[in-house]
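Working notes, beginning with the structure itself.
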Amino acid sequence: MAKHREITILGETVLPGESKTINMEIARLHTMTKLKVPIIVERAKTDGPIVLFSAGLHGDEINGVEIVRQLIVRKINKPKRGTIICIPVINVFGFVNKTREFPDGRDLNRVFPGSKNGSLASRFAFHLLNEIVPHIDYCVDFHAGGASRFNAAQIRIVPNNEELKQLADVFNAPFTLYSKNISGSFRSACGRMGVKMLLFEGGKSLDINNDITQDGVKGAKRFLAHFDMLNPKKNAKEAPGPSIYIERSGWVRAKFSGLFQLHCNVGKFVEKGEVIAYITDPFGKFEHKVKAPHAGYIINANDAPIVYQGDAVFHITQKLQHD
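In terms of my numbering, the sequence shown is residues 5 to 327.
Now the structure itself:
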């Protein structure tokens, strides 16, 4: 691994042993109010890897923001060696508006590598890739489920990549999901630039869940300990068991519209035919059971109180035919 003597972001240099918060300001609100994206850089005097912990790529995914905030406030981001960069909120415009997208309606996670003179979201993508990503070796990007769907804590990696598999084992989230890169995503762009990224999914949008937060923080500590970067005062606890790897999974969709009532927890293993929810009408005329179509772990559940016919209500793992 190459030695990292100087790191210069947006014209500001951070030397070994220094701490600095660099504010990225690309555009203002329509009221002329400044909106800054704090980039928090902590460098040890001893050389080592450069790790990025990022969140808020989607402005309404607050749980990831809370995970990175805890890494900062608990001083987990002060490394024994190497450098830790934290960006708690990338999409600050969406964060202010409590929306997934940028004000231009674009999903930042679909416009990478971006353009210096493109749309607002595209400009953010461009600066992220050109100012920060060239410096980093590893990244953990924290996300949450959208549209009222609650994700079990999971790491997503591309299949057939042994180094990412080893890093996922180190992070050791309750679940690890094989997932191909999506065109225009931050993960895809980082992969093309040689950065090893783990994508964390957990919880749902516009929500903070303590269990998910702790899964993220504990995994980050194990990740740093693996590279001998974790502050000796911090203790990386082993997970209760090995991560459950998922190669295939499928959605269960509502067969009726109505009030939706969950009857199982995310992360639970269910048997084929087990009742996992009910769909009822507001007037007491019907009550339909939602049954598991096969045995598997529930890795995502719809938390919405009302669903329509065809809505995705559960994501359940499937066994491979050769299992």
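By construction, the Cβ of each residue, glycine as well, lies at the ideal position given by its N, Cα and C atoms. The structure presented is a predicted model; accordingly, all values stated were derived computationally and were not measured.
Do residue i and residue j have their C-beta atoms within less than 7 Å of each other?
i    : j    : result
Q322 : G254 : yes
P53  : F231 : yes
S261 : Q313 : yes
I43  : R127 : no
A125 : R110 : yes
I80  : V55  : no
G63  : N95  : yes
N155 : N304 : yes
V279 : I71  : no
A59  : P92  : yes
G277 : K295 : yes
S123 : N306 : no
P83  : M233 : yes
V144 : F57  : yes
A240 : L75  : no
I250 : L181 : yes
A281 : L266 : yes
S209 : E65  : yes
Quick one: residues in its chain with C-beta nearer than 6 Å to the C-beta of residue i, no 5 flanking neighbours on either side, listed in chain order?
i    : result
A316 : W255, R257
S119 : S126, F130
I248 : F179
M5   : Residue confidence is low: M5 scores 46 on pLDDT, short of 50, so the model does not pin down where it sits. Its coordinate-derived value is still stated next. Within the same chain, M5 has no close Cβ partners at all.
D2   : Residue 2 lies beyond the range of the chain shown here (5 to 327); nothing can be said about it.
I11  : V18, H139
V69  : A59, G60, P92, V93
F97  : F106, P107
D327 : Because D327 sits at a pLDDT of 38, beneath the cut-off of 50, its placement in the model cannot be relied upon, and the point is left open.
S192 : N185
Among the options, which residue has its Cα nearest to the Cα of residue i?
i    : options               : result
T25  : R32, A48, T17         : T17
F99  : I280, L33, G288       : L33
R9   : F57, H139, P92        : H139
D141 : G195, A281, N185      : G195
N67  : D215, K169, V45, E22  : D215
L61  : D211, F190, F290      : F190
V45  : E22, N185, L210, L39  : E22
K237 : I13, L39, R78         : R78
A308 : S183, K40, K38, I283  : I283
K184 : R252, F287, K259, R73 : R252
N269 : R47, F227, I320       : I320
L171 : A193, R226, S192      : R226
V41  : I13, A193, R47, A48   : I13
Would you list the residues sitting across from residue i in a DSSP beta bridge?
i    : result
G198 : In DSSP, G198 forms no bridge with anything.
A281 : L266, V294
S247 : None; S247 has no bridge partner.
D145 : S58, L203
N27  : P42
L181 : R160, I250
T321 : S253
R47  : T87
E16  : I13
Comparing the CB of residue i with every heavy atom of the ligand FMN, is any distance shorter than 6 Å?
i   : result
I91 : With respect to the ligand FMN, the structure offers nothing, as it holds no ligand at all.
Skipping 5 residues on each side, what residues in its chain have a beta carbon closer than 7 Å to that of residue i?
i    : result
I310 : L263, F264
K38  : E29, R32
A229 : A240
Counting only the same chain and skipping the five closest in sequence on each side, list residues whose C-beta sits under 8 Å from that of residue i.
i    : result
T50  : P20, K84, R85, G86
Q325 : Model confidence at Q325 stands at a pLDDT of 41, short of 50, so the residue's coordinates are unreliable; what they give is reported in the following sentence. Excluding residues within five positions, none has a Cβ falling inside 8 Å.
K102 : G63, D64, L210
For residue i, decide whether its Cβ has a neighbour in chain C, counting only Cβ atoms nearer than 7 Å.
i    : result
S119 : No chain C appears in the structure shown, which is made up of a single protein chain.
Below 8 Å, can you find three or more Cβ-Cβ pairs linking the stretch 114-123 to the stretch 162-172?
The stretch 114-123 vs the stretch 162-172: no contact.
Is the stretch 201-220 in contact with the stretch 175-190, if contact means three or more CB pairs nearer than 8 Å?
Contact between the stretch 201-220 and the stretch 175-190 is present, because at least three Cβ pairs lie under 8 Å.
Can you confirm whether the stretch 144-156 touches the stretch 116-135 when touching is taken to mean that 3 or more C-beta pairs between the two stretches lie within less than 8 Å?
The stretch 116-135, when compared against the stretch 144-156, does not touch it at the 8 Å Cβ threshold.
Using 8 Å as the cut-off, can you tell me whether the stretch 295-312 makes contact with the stretch 268-276, which would need three or more C-beta pairs spanning the two stretches below that distance?
Touching, yes, given that three or more Cβ pairs across the two stretches are closer than 8 Å.
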